[in-house]
Amino acid sequence: MRAPDRLRLLAPLLLLLLLPSSSLSSSPPDVRESVGELLRRLENKRPSSSVQVAAAHALLQRLLPTHHSSFRFEIIPKGICKQNGCFHISNVNGSNSDGAEILIRGTTAVEISSGLHWYLKYWCGAHISWDKTGGVQLASVPPPGSLARVDGEGVKVERPVPWSYYQNVVTSNSYVWWDWRRWEKEIDWMALQGINLPLAFTGQEAIWKKVFKGFNVSSDDLNDFFGGPAFLAWARMGNLHGWGGPLSQNWLNQQLLLQKQILSHMVELGMTPVLPSFSGNVPAVFRKLFPSASITRLGDWNTVDGDLRDTFNENSPPTDDPKYISLLGAAVYKAMSKGDKDAVWLMQHYHTFDCLFYNT
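Those letters in the sequence shown? Residues -25 to -1, 1 to 335, by mature numbering (1 follows the signal peptide of the UniProt record, and there is no 0).
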């Protein structure tokens, strides 16, 4: 089955997520050209060098405030790296160092932050991970003025792939209980680990409410559609409607405000956040509002008789007609591109696991 031309950018993005850089060199020319076009577009949308350097310094202040003046950060052109971005760690020499001992240069604030992590780990014996896997252990870092010197001209580490993807739709099971302080800590951790393509799904129900209101969907009908905070992932994937709800307007407003903080921090660090898009999941009242529309109920979910798979996530498609699947995908992307002419459709592969339709 050949995908419509409008979906051409989806293939290279999936390749970048799943394959090492060496595999891209053997890809068809049109795929390589699309990859290059996409990379250039995203690079042009990143914030200025000064904004990213300031964001990296703010991260250092939160992580290791005693050493805020011990490190110097700089953004470097991507051309210094071989292909996908890099960071370079070296010593600061000279009398005008202002207390700085180590210079970390990177193509984005993410590369700078991951370079900082690299130095703290391999030169200072520090450990930075989630709280449940050891947390932040920095007791081994020498005091300011006595940091370990880097050998020779320093060390350069190349990014093996353009994007490092992170999270899943179902991580809302944990994230929904987080406040901004916890989110800031997680985004800092992402940068330190080199993550530059994170999901950003918080607060989407506030937007969907505005969208569906434009189609004359009432608040009561939306209460029967949105899942409660503990069941957001399942409602977003279309597995259930209304379970554990309703969502108050105050809660919706608070989540939307939190999402704006999340996006701001991701962007200032040079990340490319992945936002949710419309996947075809609509309130049941659409059948009454639009009686001529083709709306399919996928069936019961999570019953004792088995587990059905969503159209995009843990349910089988309602038909195995390739033309239908192709037209469905084209319609989804058409809606995305109306809102953003540069939209890129990112799709996780795990929804096809153990699904007969995708494996025959």
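Just so you know, even glycine gets a beta-carbon here, dropped at the ideal spot from N, CA and C.
Status (buried if at least 16 other CB within 10 Å, exposed otherwise) for residue i
i	result
W152	exposed
P297	exposed
L302	exposed
Y299	exposed
F187	buried
Y97	exposed
F46	buried
W155	exposed
I77	buried
G109	exposed
A268	exposed
K316	exposed
P173	buried
R16	exposed
T294	exposed
G127	exposed
K107	exposed
S115	exposed
Minimum C-alpha distance to residue i - residue among the options
i	options	result
E161	I103, E180 and S223	I103
K263	G74, D196 and P119	D196
W105	A75, R157 and N68	R157
E180	S121, L250, P173 and P118	L250
I79	I51, C99 and G189	I51
R272	L215, N228 and F62	L215
N59	A31, A259, E133 and L238	E133
Q112	H63, L95, A84 and E128	L95
G178	A268, L238, S193 and N191	L238
N191	M246, L232 and P258	P258
Q27	S267, M246, S252 and P266	M246
V130	L91, K107, V145 and S25	L91
F48	N66, K57, C56 and I55	N66
Q224	W218, V242, G203 and M241	G203
L244	D163, E12 and M212	D163
F261	K53, D199, P22 and G81	D199
L222	E12, L207, Q36 and L34	L207
Span of the alpha helix (DSSP H), counted from its first residue to its last, around residue i
i	result
V319	Run containing V319: none; DSSP gives neither H nor E here.
K188	Q179 to K188
S138	Reading the sequence as shown, one finds Trp at residue 138 and not Ser. Note, W138: premise wrong, no alpha helix (DSSP H); not H, not E.
L222	Counting along the chain, L222 falls outside any alpha helix (DSSP H), and DSSP gives it neither H nor E.
L197	S194 to N198
L39	Careful: L39 lies outside any alpha helix (DSSP H) and carries neither H nor E.
W153	No alpha helix (DSSP H) contains W153, which DSSP labels as neither H nor E.
A84	A84 to Y97
R262	F261 to L264
R21	Counting along the chain, R21 falls outside any alpha helix (DSSP H), and DSSP gives it neither H nor E.
Counterpart residues of residue i in DSSP-defined beta bridges
i	result
A47	A quick correction: the sequence has Arg, not Ala, at residue 47. Partner(s): L78.
S65	L78
P173	Y141
H102	Q112
V249	L174
Start-to-end residues for the beta strand (DSSP E) that takes in residue i
i	result
E133	V130 to E133
Between the segment 116 to 128 and the segment 38 to 45, are three or more C-beta pairs nearer than 8 Å? yes
Report yes or no: do the segment 169 to 180 and the segment 127 to 143 share at least 3 C-beta pairs separated by less than 8 Å? yes
Taking one C-beta from the segment 61 to 71 and one from the segment 86 to 94 each time, how about it: are there three or more such pairs within less than 8 Å? yes
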